[in-house]
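These protein sequence lines are chains A and B, in that order.
Using our numbering, the first residue of the first sequence is number 4, and each one after it goes up by one.
Using our numbering, the first residue of the second sequence is number 444, and each one after it goes up by one.
Everything on this sheet refers to the single structure shown next.
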Amino acid sequence: MKTLKQTIDKCKELSFDLNFTEAKNWKGKDNNRALIGYMPIYFPREIAHASNCLAVGILGTGDRKRIIKGDAYYQSYICRIPRGIIELALDKHFEGFDGFIFPSICDVIRNLSGMFKLLNIGNFVSYLDYPQNFNPNIGGEFYKNEINNILTNIKKINNAEVTTEKLNHSISLYNKNRKLITSIYDARQKFPWRLSAEELYYVIRAGMVIPVEDHNIILEQVYDFIQENFGEPIDKIRVIVYGSFCEQPPVSLIKTIELAGCYVVDDDFLIGSRWIEGNIDDNTDDPINAIVNAFLTKSTFSSSLYDVNNPKEDRLIELFNKRNADGIIFAAASFCDPALLDRPTLQNACEKNNIRYISFQFSENIGEFKNIKEQVGAFSDSIKLWDDELIEN
Amino acid sequence: MVEKEKSMIIQKEMISNLFKDLSTAKETGKKVVYTFVPGNLSELIHAFDMLPVYPEINALQSGMRKKSGSFIKEAERYGHSEDVCTYVKCDVGMMLKGNIGPTGEKIPSPDLLLLSYTGCFTFMKWFENLEDLYPGVEIAMLHTPYQQDGKITKEMTEYMVKQLKDEVIPKMEKVSGKKYDETKLKKILEYSVKTEDLIVKIFDTPKNIPTPIDAYFAGVYYIGPINIGFRGTIEAVEYYKELYKEINKRIELGLGPITPEGEIKEEQFRLVVEGPPNWTSFREFWKLFYDNGAVIVASSYTKVGGVYDMGFRHNPDRPLESLGEYCMNCYTNLNLPQRIELLEKCIIDYHADGFLVNSIKSCNSFSAGQLLMMRKLEEKLEIPVGFIESDLVDPRYFSYANIKNRLESFFQMLEQRKLINAN
Ligand code: SF4
Ligand code: SF4
């Protein structure tokens, strides 16, 4: 059995392996296997799993690769993530990938799907248009059709027969995966010092590039480890980091936040792994319908989802209370319209509810964190001071 | 001084009447629907006797009247980032400053936000913001599927029709207090078809050499009525008939386009332009082309409110289906290969000498992917391509000197190509 450190080191390596070696090795073991890359945020990986296919999360290059070609494809005022993805494609990092899924989260990702088409990358390029209508007979039917189109595309590649049993089985594996992730988040809420936000990030991100069965083993190990009583809490505030659901903050930024006096008790960095809140029915005659229903009724909140009937500001406040947090850090990628356009509404909600917050923007390749460290440090100090004052009163 | 043509006077009157109606809507009891140009459901709004407000149009008009800068700053003070779509900020800022519209009249608050978000994600965020600013307002969402595979499938149309039936129409009935009347809608759609036939003919005229119109700078005026709520009305049909008549007269006389600086006497370069124009320095921007005898013979921007030249028409026999298909057919709802195909066709059919991209800082829906589109067209057609950057309504992002330099190099390139071709 590996130690926690060994497991986390392995996850770290997997998370930033821009050659996707593990996934390619997995495919190499069987001719009928296929690989499909998916962009942020969410993709129902269950359908890929049931088709003998591995869905691999593609999150750009972060600060791990210099972008040269990608910059020639994007104007300076467009976020960083698509240029990294194009760079990876042009440098043949996706060789061996059979297809690509572009979930409908913004116009940049949408148009990137067209660029993949124009550059002839992969055997298929699917834009997965999530319904913004949550009526099962309307949006549900539409989504079902979208899923079936993707299954047809995969079938053309590996001729996999997707059965009800296989789908139910895949759903159960991802239910387990989600449950373990949720349990780890819940445990961290109580004992955030036992696993840093950085370590948690590696653990979750690794799951986007390896089979779910392997990831579940890792999650079980991590979960067991953090049940043990070790370490001591230090005087830090508890924060939620929100707005980084697509382009990822550099790991050093996550570290900086914790070093500057915060415990990150929730975040939306890799929210796709926890998109569905709770279980999807895994014992049904119509598993596709179960996946669709879960999307319609159990999706988390996000800037990419139409939400006027269930406003994200209310859900963020709910999460804040549930996590017993002290403040919220709004951290969005520069030029990210979906995240940034939500800011006034979310910040107003914080103000109405007397919740302390700070906001900043980042890009995946920033290397200088001094300002952020100062800002977060001051935020943490002000909350500590404020709380003390409250106690004194 | 350019003498105003009759069509210009008609258009001015139409728009001014609309704004007058809006300013008195609360007294007259007319219900007000805020909606967007791409995928607009003008006909349905008319069928319920409601009045449309187009926040983008207010934003662009504010840009032209030099008011957008202060609105944008207001929105930034309210918490919006410098990095996001300036149309949204201009609109939010205008609302925060009392919602006084471009004509100086107050724009009434919405009774319904009709979110037909076609071809742009930001629309959705925009209306979520408005919902926050107008708490409790009715909202109808119409999710328009993207033409990811370059076609509209049966399932996509079904999805649109179901949403219209179950979501949009019931909300409109509730807000207007009127029952949906399909016979009335069909009549309105008949006018739409006539308007669409006319607009196609009008935007076809730049195939003439010299072109009688500029299909970008003047084109944005021509698309005004069809895009801002008059599609489906007899006034629009009359306006476009008059406009077409005037243009035909110009063709007969062999005249070039009218610009604010005067007529273009000698056409030097014929261009196809991709991307919206800049509004804050619209006239200076246009003059840069005028000074060099450059005319725009086709542009993608004039297709944001509908791509009629590829054959789409509303169909009174399939009213809801055709409304849905209309939404799915707007330019930014086309995938990138389709956009390239359309631009390629324009470059060939309109005998263009070059292709120019005006890349807008605000607008990912247009801008993301433009550089690749440009490269593909250059490779395929071997024509000179040019690239400039500006913004829609944020005056901070219009750099006259920079644009002038880039355009001059582009025009030089076109000149050289002409010489090579002549030899
Ligand atoms: S970072 Fe934001 S704008 Fe950029 S691709 Fe992701 S969601 Fe879209
Ligand atoms: S992003 Fe572009 S299309 Fe969308 S609202 Fe802004 S200007 Fe309009």
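Don't be surprised by glycine CBs; every beta carbon is placed ideally from N, CA and C.
Just so it is clear, the structure is predicted and the values come from calculations on it, not from any experiment.
Spatial neighbours of residue i in its chain, beta-carbon cut-off 6 Å, leaving aside the 5 residues before and after
{"i": "S485 (chain B)", "result": "G672, R674, G675"}
{"i": "F566 (chain B)", "result": "F479, Y560"}
{"i": "R197 (chain A)", "result": "I229, G234"}
{"i": "Y793 (chain B)", "result": "P649, K650, V740, A741"}
{"i": "A209 (chain A)", "result": "C14, L17, S18"}
{"i": "V206 (chain A)", "result": "C14, V225"}
{"i": "N670 (chain B)", "result": "V480, G748"}
{"i": "L503 (chain B)", "result": "W722"}
{"i": "L585 (chain B)", "result": "S559, Q606, V611"}
{"i": "Q9 (chain A)", "result": "none"}
{"i": "I500 (chain B)", "result": "I671"}
Contacts that residue i makes with chain A (C-beta to C-beta distance below 7 Å)
{"i": "V527 (chain B)", "result": "D340, L343, L344"}
{"i": "Q867 (chain B)", "result": "Absent from the structure is residue 867 (chain B), since the part of chain B shown begins at 444 and ends at 866."}
{"i": "T723 (chain B)", "result": "Ordered by position in chain A, no residue passes the 7 Å Cβ test against T723 (chain B), which lies about 17 Å from the chain."}
{"i": "Y733 (chain B)", "result": "Near Y733 (chain B) there are no residues of chain A at all, since even the closest Cβ is about 26 Å away, more than 7 Å."}
Chain B residues whose Cβ lies nearer than 8 Å to that of residue i
{"i": "K120 (chain A)", "result": "N778, L779, P780"}
{"i": "A75 (chain A)", "result": "L814"}
Neighbouring residues, chain A, relative to residue i (Cβ below 9 Å)
{"i": "V531 (chain B)", "result": "D340, L344"}
{"i": "P720 (chain B)", "result": "By Cβ distance, chain A contributes nothing, its closest Cβ being about 17 Å from P720 (chain B), past 9 Å."}
{"i": "T565 (chain B)", "result": "C109, D110, D340, P341, L344"}
{"i": "V602 (chain B)", "result": "According to the sequence provided, residue 602 (chain B) is Tyr. The question's Val does not apply to it. Ordered by position in chain A, the residues that pass the 9 Å Cβ test against Y602 (chain B) are P134, N136, I141, G142, E144, F145, N148."}
Residues bridged to residue i (per DSSP)
{"i": "S362 (chain A)", "result": "A:F333"}
{"i": "C265 (chain A)", "result": "A:I240"}
{"i": "C773 (chain B)", "result": "Answer is none; C773 (chain B) lacks a bridge partner."}
{"i": "H489 (chain B)", "result": "Partner(s): none; H489 (chain B) has no beta bridge."}
{"i": "D270 (chain A)", "result": "A:V244"}
{"i": "I320 (chain A)", "result": "BP columns for I320 (chain A) are empty, so no partner."}
{"i": "M584 (chain B)", "result": "B:L558"}
{"i": "C56 (chain A)", "result": "A:A37"}
{"i": "S302 (chain A)", "result": "A:I279"}
{"i": "A741 (chain B)", "result": "B:V715"}
Presumed contact (8 Å Cβ cut-off) between residue i and residue j, rounded CB distance
{"i": "S107 (chain A)", "j": "Y133 (chain A)", "result": "5 Å"}
{"i": "L91 (chain A)", "j": "L38 (chain A)", "result": "Not quite, the Cβ-Cβ distance comes to about 14 Å (not below 8 Å), so this is no contact."}
{"i": "G699 (chain B)", "j": "E706 (chain B)", "result": "6 Å"}
{"i": "F412 (chain A)", "j": "A336 (chain A)", "result": "Residue 412 (chain A) lies beyond the residue range present for chain A, which begins at 4 and ends at 396; the question has no answer from this structure."}
{"i": "I398 (chain A)", "j": "G330 (chain A)", "result": "The first residue shown for chain A is 4 and the last is 396, placing residue 398 (chain A) beyond what the model contains."}
{"i": "Y733 (chain B)", "j": "E704 (chain B)", "result": "5 Å"}
{"i": "F46 (chain A)", "j": "L131 (chain A)", "result": "7 Å"}
{"i": "M615 (chain B)", "j": "C770 (chain B)", "result": "Rounded, the Cβ-Cβ distance is 15 Å, inconsistent with contact."}
{"i": "L170 (chain A)", "j": "P290 (chain A)", "result": "4 Å"}
{"i": "P780 (chain B)", "j": "L121 (chain A)", "result": "6 Å"}
{"i": "F755 (chain B)", "j": "E768 (chain B)", "result": "7 Å"}
{"i": "R83 (chain A)", "j": "E367 (chain A)", "result": "5 Å"}
Sequence-distant residues of its chain with Cβ nearer than 8 Å to residue i (five each side left out)
{"i": "V59 (chain A)", "result": "F23, A26, L38, I39, G40, Y41, F100, M211, V212"}
{"i": "E456 (chain B)", "result": "none"}
{"i": "N162 (chain A)", "result": "N35"}
{"i": "P719 (chain B)", "result": "Y744, V747, N801, I803, C806, F809, L835"}
{"i": "D796 (chain B)", "result": "F712, R713, L714, I826, P827, L857, R860, K861"}
{"i": "N778 (chain B)", "result": "Y589, Q590, Q591, D592, G593"}
{"i": "N572 (chain B)", "result": "V531, V535"}
Interface partners of residue i on chain B, CB under 7 Å
{"i": "N148 (chain A)", "result": "E598"}
{"i": "N28 (chain A)", "result": "Going along chain B, no residue has its Cβ under 7 Å from N28 (chain A), so there is no contact; the nearest lies around 31 Å."}
{"i": "R113 (chain A)", "result": "Y589"}
Closer than 7 Å: residue i CB and nearest ligand 4 heavy atom
{"i": "D345 (chain A)", "result": "Absence of ligand 4 from the depicted structure is noted, with ligand 1 and ligand 2 being the only ligands included."}
Residues near residue i in its chain [Cβ-Cβ closer than 7 Å; skip 5 each side]
{"i": "F854 (chain B)", "result": "F712, N735, A737"}
{"i": "E678 (chain B)", "result": "M457"}
{"i": "E685 (chain B)", "result": "K449, S450, I453"}
{"i": "T348 (chain A)", "result": "E316"}
Proximal chain A residues relative to residue i, where beta-carbon distance stays under 8 Å
{"i": "P588 (chain B)", "result": "D132, F145"}
{"i": "M584 (chain B)", "result": "Q135, N136, Y309, V311"}
{"i": "G522 (chain B)", "result": "R346, P347, Q350, N351"}
{"i": "K819 (chain B)", "result": "L121"}
C-beta neighbour in chain E for residue i, strict 8 Å
{"i": "P85 (chain A)", "result": "Included in the structure are the protein chains A and B, with no chain E among them."}
| Ordered list of alpha helix (DSSP H) runs contained in the stretch 125–213 of chain A, each at least 4 residues | 144–161, 167–193, 200–209
| message | As an exercise, report each continuous alpha helix (DSSP H) stretch of at least 4 residues that is fully enclosed by the stretch 692–738 of chain B, in chain order. | response | 725–733
| request: Pick out the complete beta strand (DSSP E) segments inside the stretch 66–114 of chain A, 3 residues or longer, and give them in chain order. | output: 102–106
| request: Report the residue ranges of all beta strand (DSSP E) runs contained in full by the stretch 766–850 of chain B; include only those spanning at least 3 residues, in chain order. | output: 797–803, 828–833
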